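Those protein sequences? They're chains B and X, same order as listed. As numbered in this note's numbering, residues 1 to 400 make up the first sequence, in order. As numbered in this note's numbering, residues 401 to 501 make up the second sequence, in order. Glycine is no exception: its CB is placed at the ideal position from the N, C-alpha and C atoms. Small disclaimer: the values here were computed from a predicted structure and weren't measured.
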Amino acid sequence: MRTVIVGAGQAGRRTAELLRGLDAGHDILLLGEEAEPPYDRPPLSKEILLGEEHPRGLMQRDAEAYDAQRIALRLGERVAGIDLGAARVETNAGERIAYDSLVVATGARARNLPIPGADDRRVLTLRSMADARALRARLRPGLRLAVAGAGLIGLEVAAAAIQLGCAVTVLEMGERAMARCVPEAISTRIEAWHRAAGVVLEFGCPLTAIRPESDALHLVTSRGVIAADLLLVAIGAIPNSELAREAGIAVEDGILADASGRTSHPQVFAAGEVARIWQEAAGRHIRFETWQVAQHQPVAVANALCGAQRPYAELPWHWTDQYGRNVQILGAHGAGLDWLEREDGERLASLGVDAEGRVQGAVLIDNGREATPLRRIIAAGRPIERDRLLDPSVALRQLC
Amino acid sequence: MAWHDVAPEGDFLEEIPKVVQVGEDRVAVFRLDDGFYAISDVCTHEYALLSEGFCEDGKVECPLHQACFDIRTGKVLNEPAEIDVETYPTRVEGGVVQFQL
């Protein structure tokens with residue numbers, strides 16, 4: 001059996017390594033477009049910007065580690081096409097590689113600003129190690145950095161840049177920080193950390209044009225023109241699903257996959273952020289842009305490749321680290337939830353409770369100890385009295 | 401190598417470790433049902449304090465990314481960590497819990 005994995009990021013690495021762990025006899029080829037061996041991305045917007053060369057969280061192994069696992073890792077090779085009928089992929093160099101099973105793990109790319117001037121060299125995005133190094137090389141004390149987007153990546157970069165002595169302004173079209181993933185009270189706390197550090201936050205402030213001048217980028221916003229030396233665009237990601245779509249695989253903002261990662265073609269699987277995965281509990285396909293999906297959904301794929309069932313059904317979870325504070329976000333955070341706060345000194349658990357009294361989601365600040373009890377509480381789906389949820393003498397683990 | 405005091409035996413709560421700093425090493429000492437166990441307090445994946453993590457059935461979970469370690473043996477039980485944590489011998493001397501480092 002030969003499995004070809006297209007995309008040597010975290011999901012590609014995990015698929016290859018898990019597959020090797022399940023089947024010693026499988027022939028595994030991992031193809032990556034970047035020159036770098038696979039790495040996890042969370043440190044790119046934090047440690048790498050602050051000057052650490054090889055943070056442990058990259059999980060970056062050298063080539064020998066892949067040899068030792070008998071995973072054929074080929075870097076710097078882009079796959080140009082998939083021929084489903086012949087069951088082979090073709091590289092940019094024109095080489096044709098046959099497969100029995102194909103895993104598409106091509107990830108996502110940063111969304112660009114569709115406005116005039118966005119192609120200037122002082123306008124950057126952050127997605128890859130090369131992007132992170134290019135950004136780090138330009139962050140200097142006194143540099144005027146503008147960040148478009150007050151999501152996770154924009155705010156992590158803002159936090160790193162202000163620590164490096166830059167003058168940082170964040171421009172956000174919406175009304176608050178991390179609005180897609182935390183309730184308003186948490187946004188307010190996060191905004192306060194940034195303002196205390198000296199970051200200027202502008203909400204309700206869309207960027208409509210960039211006028212590149214020799215002395216600065218002139219950023220045209222609804223609040224007037226802001227001068228910046230560098231603009232980081234951090235307004236979300238787009239799945240790299242073109243390769244699959246052009247081959248004739250069903251794609252709808254991500255490659256449609258069942259909970260085992262199977263696509264519309266029986267020999268083809270999708271792993272990680274490029275996949276829009278059927279979630280039984282939600283009754284729909286969902287595309288996740290998280291470390292969690294790249295780490296754990298390949299468990300489903302590798303098992304399916306070996307004929308076993310391990311459907312992906314994890315409670316959504318992600319985190320951000322800013323100013324030495326750790327924020328973890330669990331489960332749902334949509335409208336219609338009432339948010340209750342349990343505070344214990346510096347630790348916070350904010351619980352999103354529905355009309356029936358069931359905890360549906362949670363945000364933890366410096367309180368990772370409560371993540372597992374909360375996962376269990378959310379999974380159990382039982383209504384819990386508000387007084388008990390808020391009683392500091394009742395540990396969350398007692399409510400599981 | 402020396403023995404370091406942690407706390408009187410009766411001060412320990414199950415599932416809540418006590419932490420002692422010795423030079424550059426941070427050691428977390430746990431009370432389990434069969435005795436006291438000392439491990440390095442720092443996760444081997446990314447920097448995080450295991451003493452801040454969830455603890456159950458002789459296992460401690462890293463508060464950041466959910467790697468788990470066996471408190472008795474230091475063995476890593478699941479990813480993303482891949483390296484065991486250090487363990488240290490413990491004893492109770494005159495009612496005081498100690499570990500050796």
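Integer-rounded CB distance, given that B/N240 should sit under 8 angstroms from B/A108 = About 6 angstroms separates the beta carbon of B/A108 from that of B/N240, a gap short enough to meet the 8 angstroms contact definition.
For B/V6, verify whether its CB is less than 8 angstroms away from any heavy atom of the ligand COA.
-> What this structure holds is no ligand at all, so the ligand COA is not there to describe.
Would you identify the three-state DSSP class for B/E156, choosing helix, strand or coil?
-> Helix at B/E156.
Taking the beta strand (DSSP E) that B/P239 falls in, what are its first and last residues?
-> From DSSP, the beta strand (DSSP E) with B/P239 extends over A237 to P239.
In or out: X/Y447 buried (at least 16 other Cβ within 10 Å) or exposed?
-> Counting of Cβ neighbours within 10 angstroms places X/Y447 among the exposed residues, the total staying below 16.
So X/P408 is in the alpha helix (DSSP H); what residue range does that whole segment cover?
-> Segment W403 to P408 is the beta strand (DSSP E) holding X/P408; no alpha helix (DSSP H) there.
Is there at least one Cβ from chain X nearer than 9 angstroms to B/Q398's Cβ?
-> B/Q398 does not count as touching chain X.
B/A146 versus B/R122: straight-line alpha-carbon distance, rounded | Taking the straight line from one Cα to the other gives about 11 angstroms.
Determine whether the Cβ of X/T487 lies closer than 9 angstroms to any Cβ atom of chain B.
-> For X/T487, not one C-beta of chain B is nearer than 9 angstroms to its own C-beta.
Range of the contiguous alpha helix (DSSP H) that encloses B/H296 | Taken as a continuous stretch (DSSP letters only), the alpha helix (DSSP H) holding B/H296 covers W291 to L305.
Is the Cβ of X/H445 closer than 9 angstroms to any Cβ of chain B?
-> It does: the Cβ of X/H445 has a partner Cβ on chain B nearer than 9 angstroms.
Which residues DSSP lists as bridging X/C468, in chain order | Its beta-bridge partners are X/E461 and X/N478.
Mapping DSSP to helix, strand and coil, what is B/S101?
-> Strand, per DSSP.
Compute the Euclidean distance between the alpha carbons of B/I71 and B/R111, then round it to the nearest angstrom.
-> Each residue's Cα considered, the two are about 32 angstroms apart.
Beta carbon proximity, B/M129 to chain X, threshold 9 angstroms | No, no contact with chain X.
Taking Cβ positions, are B/E341 and B/A349 nearer each other than 9 angstroms?
-> Taking 9 angstroms as the cut-off, the Cβ atoms of B/E341 and B/A349 count as close.
In terms of residues, what are the limits of the beta strand (DSSP E) holding B/A362?
-> Start and end: V359 to I365.
Residues bridged to B/L330 [DSSP beta-bridge criterion] | Under DSSP, B/L330 shares a beta bridge with B/W317 and B/A362.
Would you kindly work out how many angstroms separate the C-alpha atoms of B/E156 and B/K46, rounded to a whole number?
-> Approximately 6 angstroms between the Cα atoms of the pair.
Roughly how many angstroms lie between the CA atoms of B/G198 and B/C166, to the nearest whole one?
-> Rounded to whole angstroms, B/G198 to B/C166 spans 10 angstroms at the Cα level.
Per DSSP, what kind of secondary structure is B/Y66 in: helix, strand or coil?
-> Assignment of B/Y66 by DSSP, reduced to helix, strand and coil, places it in the helix class.
By the criterion of Cβ-Cβ separation under 7 angstroms, what are the contact partners of X/E461 in chain B?
-> Those within 7 angstroms of X/E461 in chain B are T372.
Hey, out of X/Y437, X/V492, X/V406 and X/F412, whose CA is closest to X/R472's CA?
-> Of the candidates X/Y437, X/V492, X/V406 and X/F412, X/Y437 places its Cα closest to the Cα of X/R472.
Reference B/G331, options B/R195, B/D119, B/G81 and B/W319, closest by Cα | Here the closest residue by C-alpha is B/W319.
Do B/A237 and B/A228 have their C-beta atoms closer together than 9 angstroms?
-> The beta carbons of B/A237 and B/A228 sit no closer together than 9 angstroms.
So with Cβ pairs under 9 angstroms, would you call B/M59 a contact of chain X?
-> At least one chain X Cβ lies under 9 angstroms of B/M59.
Any 3 or more C-beta pairs closer than 8 angstroms across the stretch 28-36 of chain B and the stretch 122-138 of chain B = With the cut-off at 8 angstroms, the stretch 28-36 of chain B and the stretch 122-138 of chain B touch.
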